[in-house]
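Numbering (UniProt numbering), first residue to last: 1 to 278. Ideal Cβ positions, reconstructed from N, Cα and C, are used throughout, including at glycine. Notes follow once the structure below has been shown.
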Amino acid sequence: MTKIRLLASLVMAPVAIAAILFLPTPWLIALATVVLLAGLWEWFDLAEIEDTLARAVLLVAHLGVMVAIVWASRWREGYTLALYQLAALIGVVWWLVALGWLGRSRLGSNHESFARAFKLLAAALAVIPAWCALAWLHAEEPAGHRWLLTALAVVWAADTGAYFAGRAFGRHKLAPTVSPNKTVEGLVGGLIAGVLAGVGFSMLAGAEGSDLAKVALVSLAAALFSVIGDLFESMLKRHVGVKDSGRLIPGHGGVLDRIDGVLAALPVFALGKALLEF
Numbered sequence: 001m002t003k004i005r006l007l008a009s010l011v012m013a014p015v016a017i018a019a020i021l022f023l024p025t026p027w028l029i030a031l032a033t034v035v036l037l038a039g040l041w042e043w044f045d046l047a048e049i050e051d052t053l054a055r056a057v058l059l060v061a062h063l064g065v066m067v068a069i070v071w072a073s074r075w076r077e078g079y080t081l082a083l084y085q086l087a088a089l090i091g092v093v094w095w096l097v098a099l100g101w102l103g104r105s106r107l108g109s110n111h112e113s114f115a116r117a118f119k120l121l122a123a124a125l126a127v128i129p130a131w132c133a134l135a136w137l138h139a140e141e142p143a144g145h146r147w148l149l150t151a152l153a154v155v156w157a158a159d160t161g162a163y164f165a166g167r168a169f170g171r172h173k174l175a176p177t178v179s180p181n182k183t184v185e186g187l188v189g190g191l192i193a194g195v196l197a198g199v200g201f202s203m204l205a206g207a208e209g210s211d212l213a214k215v216a217l218v219s220l221a222a223a224l225f226s227v228i229g230d231l232f233e234s235m236l237k238r239h240v241g242v243k244d245s246g247r248l249i250p251g252h253g254g255v256l257d258r259i260d261g262v263l264a265a266l267p268v269f270a271l272g273k274a275l276l277e278f
């Protein structure tokens, strides 16, 4: 499984990096929309929305919100990122609420209608702010594309570091009722890897030496939130008794399995970068 996982990563990573570095922001946003909506479709499975028409209507509704944000952000003088920034802030607040939900992981596991409604609301509060944070990071001059790559590198490194540190040193369970395989040792390894990746890639993005401590702090926060995103999806999967959100990516499961940490980390990184001004 590790070999298949590695081969899939070797295919996906260069494509993602090339898109981030070379596509203009509107095209990257369009590509991100496709990926995030694919993950959202899988989220509907975890929310137990089985009717295809209902799922299609919900998907179009989310797309409509995205289009509305783009349309409302256009001015005669140019373009404003205010709505994207507001959405990112809402996303950070949501993931703090999600952390509280993880502490009551059985909430929503009874398959009743109110649970589905909460999970659908959670989907909107996860996907749309992450999409807005991605657009915000990439659109900022002069090196937004490199800063977006830095944010994603934090998540990728944290996930990889946690996987290998957990396999090598894992002894103490992190959240056994939600994700039995995750360990405290894996968390620590992932956080260290995420911070190192954030600092390293930030220098490629043009960060000055005086900014590196701030970058490290924001990278740490983003890596922590990526764990919340990962655990939250694990909780949803346990509610419906599945191991993966889908089978699209060999060795990795579904699209949502690959972007769960990204959904939580991007708003944190974007907002932290803006607040600490690096």
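Next item on the list: Give me whichever residues DSSP pairs with THR183 in a beta bridge.
Entry: The count along the sequence shown starts at 1 and reaches residue 183 at position 183. Paired residues: LYS173.
Notebook entry, point to check: For ALA18, is the classification buried or exposed, using 16 other Cβ atoms within 10 angstroms of its Cβ as the cut-off for buried?
Noted result: As a first step, residue 18 must be located in the sequence shown, where it is residue number 18. Exposed, since its Cβ has fewer than 16 Cβ neighbours within 10 Å.
Next item on the list: From the DSSP output, read off the bridge partner residues of TYR79.
Entry: By 1-based counting over the sequence shown, the position of residue 79 is 79. BP columns for TYR79 point to ARG74.
Check: Rounded to a whole number of angstroms, what is the C-alpha to C-alpha distance between VAL14 and PHE22?
Finding: On the sequence shown, position 14 is the one that residue 14 refers to. On the sequence shown, position 22 is the one that residue 22 refers to. Note that residue 14 is Pro in the sequence shown here, rather than Val. So the alpha carbons of these two residues sit roughly 12 Å apart.
Notebook entry, point to check: What separation, rounded to the nearest whole angstrom, lies between the Cα atoms of LYS119 and ASP51?
Noted result: Translated into the one-based positions of the sequence shown, residue 119 becomes position 119. Translated into the one-based positions of the sequence shown, residue 51 becomes position 51. Cα-Cα distance, rounded: 16 Å.
Notebook entry, point to check: In this structure, does DSSP put PHE278 in helix, strand or coil?
Noted result: Against the sequence shown, residue 278 aligns to sequence position 278. Correct three-state label for PHE278: coil.
Check: Expressed to the nearest angstrom, what Euclidean distance is found between the alpha-carbon atoms of PHE114 and GLY108?
Finding: Counted from its first residue, the sequence shown places residue 114 at position 114. Counted from its first residue, the sequence shown places residue 108 at position 108. Distance between the alpha carbons of PHE114 and GLY108: 8 Å.
Notebook entry, point to check: Is it true that the stretch 23-33 meets the stretch 130-137, where meeting means three or more beta-carbon pairs spaced less than 8 Å apart?
Noted result: yes
Margin query: If the criterion is Cβ atoms closer than 9 Å, does the pair LEU204 and ILE20 meet it?
Written below: Taking the sequence shown and counting its residues from 1, the one referred to as residue 204 is at position 204. Taking the sequence shown and counting its residues from 1, the one referred to as residue 20 is at position 20. No, these two residues do not count as a Cβ contact at 9 Å.
Checklist line | Stretch-stretch touch, CB-based, cutoff 8 Å, three pairs: the stretch 210-220 with the stretch 165-172 | finding: no
Next item on the list: Along the alpha helix (DSSP H) that carries ILE128, what are the first and last residues, could you check?
Entry: As a position in the sequence shown, residue 128 is number 128, starting the count at 1. 113-139 is the extent of the alpha helix (DSSP H) around ILE128.
Margin query: Between the alpha carbons of VAL240 and LEU121, how many angstroms are there, rounded?
Written below: Position 240 of the sequence shown, counted from the first residue, corresponds to residue 240. Position 121 of the sequence shown, counted from the first residue, corresponds to residue 121. For the pair VAL240 and LEU121, the Cα-to-Cα distance works out to about 17 Å.
Checklist line | For TRP75 and GLU185, the rounded distance between their alpha carbons | finding: As a first step, residue 185 must be located in the sequence shown, where it is residue number 185. As a first step, residue 75 must be located in the sequence shown, where it is residue number 75. Each residue's Cα considered, the two are about 49 Å apart.
Check: Could you give the distance in angstroms between the alpha-carbon of ASP260 and the alpha-carbon of TRP94?
Finding: For the purposes of this step, residue 260 is identified with residue 260 of the sequence shown, where counting begins at 1. For the purposes of this step, residue 94 is identified with residue 94 of the sequence shown, where counting begins at 1. So the two alpha carbons sit approximately 14 Å from each other.
Next item on the list: Using only alpha-carbon positions, find the residue among ASP244, LEU231, PRO180 that is nearest to LEU99.
Entry: Position 99 of the sequence shown, counted from the first residue, corresponds to residue 99. The residue with the shortest Cα to Cα distance from LEU99 is LEU231.
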